[in-house]
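Asks: This note's numbering applies: residue 97 is where the sequence shown begins, and numbers increase by one. All C-beta atoms in this analysis are idealised placements derived from N, C-alpha and C, irrespective of residue type, glycine included.
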Amino acid sequence: MTVAPLRIGNFSGFYGDRADALREMLTGGELDVLTGDYLAELTMLILGRDRLKDPSAGYARTFPRQLEDTLGLAHERGVRIVTNAGGLNPAGLADAVRASADRLGIPVRVAHVEGDDLGARYPGSLTAHAYLGGFGIAACLREGADVVVTGRVTDAALVTGPAVAHFGWSRTDHDRLAGAVVAGHVLECGTQATGGNYAFFRDGDVRHPGFPLAELHADGSSVITKHPGTGGFVDVGTVTAQLLYETGGARYAGPDVTARLDTVRLTPDGPDRVRIDGVRGEAPPPDLKVGRTRLGGFRNEVTFVLTGLDVEEKAALVRAQMEDVFAKSRPQDVTWDLVRTDRVDAGTEETASALLRLVVRDPEQAVVGRTLTGAAIELALASYPGFHVLAPPGKPSPYGVFEAAYVPQAEVPHTAVLPDGRRLPVAPVVETLALGAVAEPPLPEPPPAGRPSRRAPLGLVAGARSGDKGGDANVGVWARTDEAWRWLAHTLTVERFKELLPESRELTVTRHVLPHLRALNFVVEGILGAGVASQHRFDPQAKALGEWLRSRHLDIPEDLL
Numbered sequence: 097m098t099v100a101p102l103r104i105g106n107f108s109g110f111y112g113d114r115a116d117a118l119r120e121m122l123t124g125g126e127l128d129v130l131t132g133d134y135l136a137e138l139t140m141l142i143l144g145r146d147r148l149k150d151p152s153a154g155y156a157r158t159f160p161r162q163l164e165d166t167l168g169l170a171h172e173r174g175v176r177i178v179t180n181a182g183g184l185n186p187a188g189l190a191d192a193v194r195a196s197a198d199r200l201g202i203p204v205r206v207a208h209v210e211g212d213d214l215g216a217r218y219p220g221s222l223t224a225h226a227y228l229g230g231f232g233i234a235a236c237l238r239e240g241a242d243v244v245v246t247g248r249v250t251d252a253a254l255v256t257g258p259a260v261a262h263f264g265w266s267r268t269d270h271d272r273l274a275g276a277v278v279a280g281h282v283l284e285c286g287t288q289a290t291g292g293n294y295a296f297f298r299d300g301d302v303r304h305p306g307f308p309l310a311e312l313h314a315d316g317s318s319v320i321t322k323h324p325g326t327g328g329f330v331d332v333g334t335v336t337a338q339l340l341y342e343t344g345g346a347r348y349a350g351p352d353v354t355a356r357l358d359t360v361r362l363t364p365d366g367p368d369r370v371r372i373d374g375v376r377g378e379a380p381p382p383d384l385k386v387g388r389t390r391l392g393g394f395r396n397e398v399t400f401v402l403t404g405l406d407v408e409e410k411a412a413l414v415r416a417q418m419e420d421v422f423a424k425s426r427p428q429d430v431t432w433d434l435v436r437t438d439r440v441d442a443g444t445e446e447t448a449s450a451l452l453r454l455v456v457r458d459p460e461q462a463v464v465g466r467t468l469t470g471a472a473i474e475l476a477l478a479s480y481p482g483f484h485v486l487a488p489p490g491k492p493s494p495y496g497v498f499e500a501a502y503v504p505q506a507e508v509p510h511t512a513v514l515p516d517g518r519r520l521p522v523a524p525v526v527e528t529l530a531l532g533a534v535a536e537p538p539l540p541e542p543p544p545a546g547r548p549s550r551r552a553p554l555g556l557v558a559g560a561r562s563g564d565k566g567g568d569a570n571v572g573v574w575a576r577t578d579e580a581w582r583w584l585a586h587t588l589t590v591e592r593f594k595e596l597l598p599e600s601r602e603l604t605v606t607r608h609v610l611p612h613l614r615a616l617n618f619v620v621e622g623i624l625g626a627g628v629a630s631q632h633r634f635d636p637q638a639k640a641l642g643e644w645l646r647s648r649h650l651d652i653p654e655d656l657l
């Protein structure tokens, strides 16, 4: 018997995404399931701090508000909703959804998934949650749930769960599961698949991109598209960009399956339609990843504005003056960054100015508090000419640290809590496969030598998308033509990458080759310190690292430009 495709859409890519997207997706076209992704490493820290203030908190409070005026619409249209907005308290959010449904008089069956909270196992953590897979979600849907709320699951599990329930896949249907994981990875960040944050954004109208959806088939293949008439666009490039986002090598591991990104094939399937097929899967690794957050201490910052001449000397003066303050009470971590935003013979005062940023961190709030910031302000009449700061220093703010751990899958009590209150244990996987290195695939033939070239930005011939994974960052770079791919694969080596991005020169950088995507994926270890919550660098989530790379100049064959 042929099973109809599953039309599954996304209405949220992060906590704080477009509030009216849920209604837009419900009214824009046919759907079977809507998913909402709210969780990220930083979000878990935010929710953890919320829970410290209020033990009944810990979930995304925006989701019940979004659902308030759309729950009836979803019920009328038979669209099921699956979301990880439960965060640290999926049971609490499930109760809130039930209360809202009762108040509105809508007969909605609500279930939730739990077992991810491993805080008792990791004392001293603010949060400690295992990344669960999609089989708990599938159990809830098979038992008739209309709304499924989860805590920490992998982003792609929001798609694999409904797919398992719809198609009846087993734990060993690795290729099918891997196809769903790839589709889920494309959908998870919402409008990043429909032209949002896209390197070649001028290819379409991205002022108000619509949210993506996938037509998922029983063999694991899918078509990525969007509702008719919505903004943005879907093409091979937008899907490639999202596939490379926050990934590492060819093996994309998860709790249900390891998807082989080096097998993914993308082909146009009509306007705003891209087919994904050929995906191969392997048994998942034996351990689940655990994301731990903890409060690392307190941070503060002052940004000094240096205008006009002698910028380096002015920076040296104020640094020396502040070092006298540090001699009395030095914070555990002191970072200075001189950002040369100034221009020679500038036409405005702002463009004549550079920024000297001082960031301090310490376990003790007082060390980075008024004593420090007051000393900086006291220099106002006693330092470099033109002294002023970008903004008055504020109070110290707590910062977080993200750490990853791993536990055997069998030790995590993955549980589906069904609409009637029954608790159904979700059996862990039996077949597992430890992750190993993948042999680098052969590169395309080198381009012919001796072609005329000129100095130009890399971004004229290559797209890029970058993101964070704990303290590491990835930069995925892809070419849009076979000829550009031949040049890119042989030109953008690890050594050249480090030359173009000097911040990476002292760090470990690994290059992964994905020929089917005409892409290279670079993983830069440690560039983000202890993760986004620690605010280690100017761009703490490495969101623009790829765009910096695209702006760098190198010799490019003229026939590619």
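(1) Can the beta-carbon of ASN180 be found less than 8 angstroms from the beta-carbon of ASP133?
(2) So the candidates are GLN288, VAL282, THR343; which of them puts its Cα closest to the Cα of VAL319?
(3) Are there 16 or more other CB atoms within 10 angstroms of the CB of LEU402, so buried, or fewer, so exposed?
(4) In angstroms, rounded to a whole number, what distance separates the CA positions of SER562 and GLY286?
(5) Relative to the C-alpha of LEU596, which residue among VAL571, ALA207, PRO427 is closest?
(6) What residues are listed by DSSP as bridge partners for ALA117?
(7) Counting Cβ pairs closer than 8 angstroms, one from the region 533 to 549 and one from the region 380 to 389, do we hit at least three?
(8) Which runs of the beta strand (DSSP E), 3 residues or longer, sit entirely within the region 198 to 270?
(9) Would you identify the three-state DSSP class for HIS484, choosing helix, strand or coil?
(10) Spatial neighbours of THR447 within its chain, please: CB distance less than 6 angstroms, with the 5 preceding and 5 following residues excluded, ordered by chain position.
(11) Are three or more beta carbon pairs between the region 288 to 295 and the region 313 to 332 nearer than 8 angstroms?
(12) Quick check on this structure: which residue in VAL407, VAL414, ALA136, ALA170 has the alpha carbon closest to the alpha carbon of THR250?
(13) From GLU654 to VAL370, what does the alpha carbon distance come to, in whole angstroms?
(14) CB-CB under 7 angstroms to VAL260, same chain, minus the five flanking residues each way: which ones, in chain order?
(15) Pick helix, strand or coil for LYS322, following the three-state DSSP scheme.
(16) So the candidates are GLN338, PRO481, LEU610, VAL605; which of them puts its Cα closest to the Cα of PRO540?
(17) Here's the rule: buried if 16 or more other CB atoms are within 10 angstroms of the residue's CB, otherwise exposed. What is PHE634?
(18) How would you label VAL99, buried or exposed, when you count the other beta carbons within 10 angstroms and need 16 or more for buried?
(19) Where does ILE142 fall in DSSP's three states?
(20) Between the region 202 to 218 and the region 235 to 246, are three or more C-beta pairs nearer than 8 angstroms?
(21) In whole angstroms, give me the CA-to-CA distance for TYR111 and VAL360.
(22) Relative to the alpha-carbon of PRO509, which residue among LEU138, GLY482, HIS304, TYR227 has its alpha-carbon at the smallest distance?
(23) Ignore the nearest five residues each way along the sequence and tell me which others in THR604's own chain have a CB closer than 6 angstroms to its CB.
(24) Are LEU127 and GLY109 touching if we call contact CB-CB under 8 angstroms?
(25) Nearest-angstrom Cα distance between ASP269 and PRO548?
(26) Under the three-state reduction of DSSP, which class applies to VAL525: helix, strand or coil?
(27) Can you grab the Cα-Cα spacing for the pair GLY247 / VAL497, in whole Å?
(28) Quick one: using the 10 Å Cβ neighbour count with 16 as the cut-off for buried, is TYR502 buried or exposed?
(29) In chain order, which beta strand (DSSP E) runs of at least 3 residues are fully inside the region 428 to 513?
(30) Tell me where the beta strand (DSSP E) around PRO382 begins and ends.
(31) Can you tell me whether DSSP reads PHE394 as helix, strand or coil?
(32) Hey, would you say ARG415 sits closer than 8 angstroms to TRP432, going by beta carbons?
(33) So PHE107 is in the beta strand (DSSP E); what residue range does that whole segment cover?
(34) Of the residues VAL455, PHE618, ARG298, which one's Cα is nearest the Cα of ALA346?
(35) Which stretch, first to last residue, makes up the alpha helix (DSSP H) that contains LEU584?
(36) Can you tell me whether THR403 is helix, strand or coil according to DSSP?
Replies: Reading off the structure:
(1) yes
(2) VAL282
(3) The Cβ neighbour count for LEU402, taken over all protein chains shown within 10 Å, is at least 16; the residue is labelled buried.
(4) 16 angstroms
(5) The candidate whose alpha carbon is nearest that of LEU596 is VAL571.
(6) Partner(s): none; ALA117 has no beta bridge.
(7) no
(8) 206 to 210, 223 to 226, 243 to 245
(9) strand
(10) ARG439
(11) yes
(12) ALA136
(13) 30 angstroms
(14) GLY230, PHE231, ALA234
(15) strand
(16) LEU610
(17) exposed
(18) exposed
(19) helix
(20) yes
(21) 29 angstroms
(22) TYR227
(23) GLU621
(24) no
(25) 50 angstroms
(26) In the three-state reduction of the DSSP assignment, VAL525 falls in the coil class, being assigned neither a helical nor a strand state.
(27) 20 angstroms
(28) exposed
(29) 429 to 435, 449 to 458, 493 to 504, 511 to 513
(30) It is not in any beta strand (DSSP E) - PRO382 carries neither H nor E in the DSSP assignment.
(31) strand
(32) yes
(33) Counting along the chain, the beta strand (DSSP E) containing PHE107 begins and ends at 102 to 108.
(34) Per the Cα distances, PHE618.
(35) 578 to 587
(36) strand
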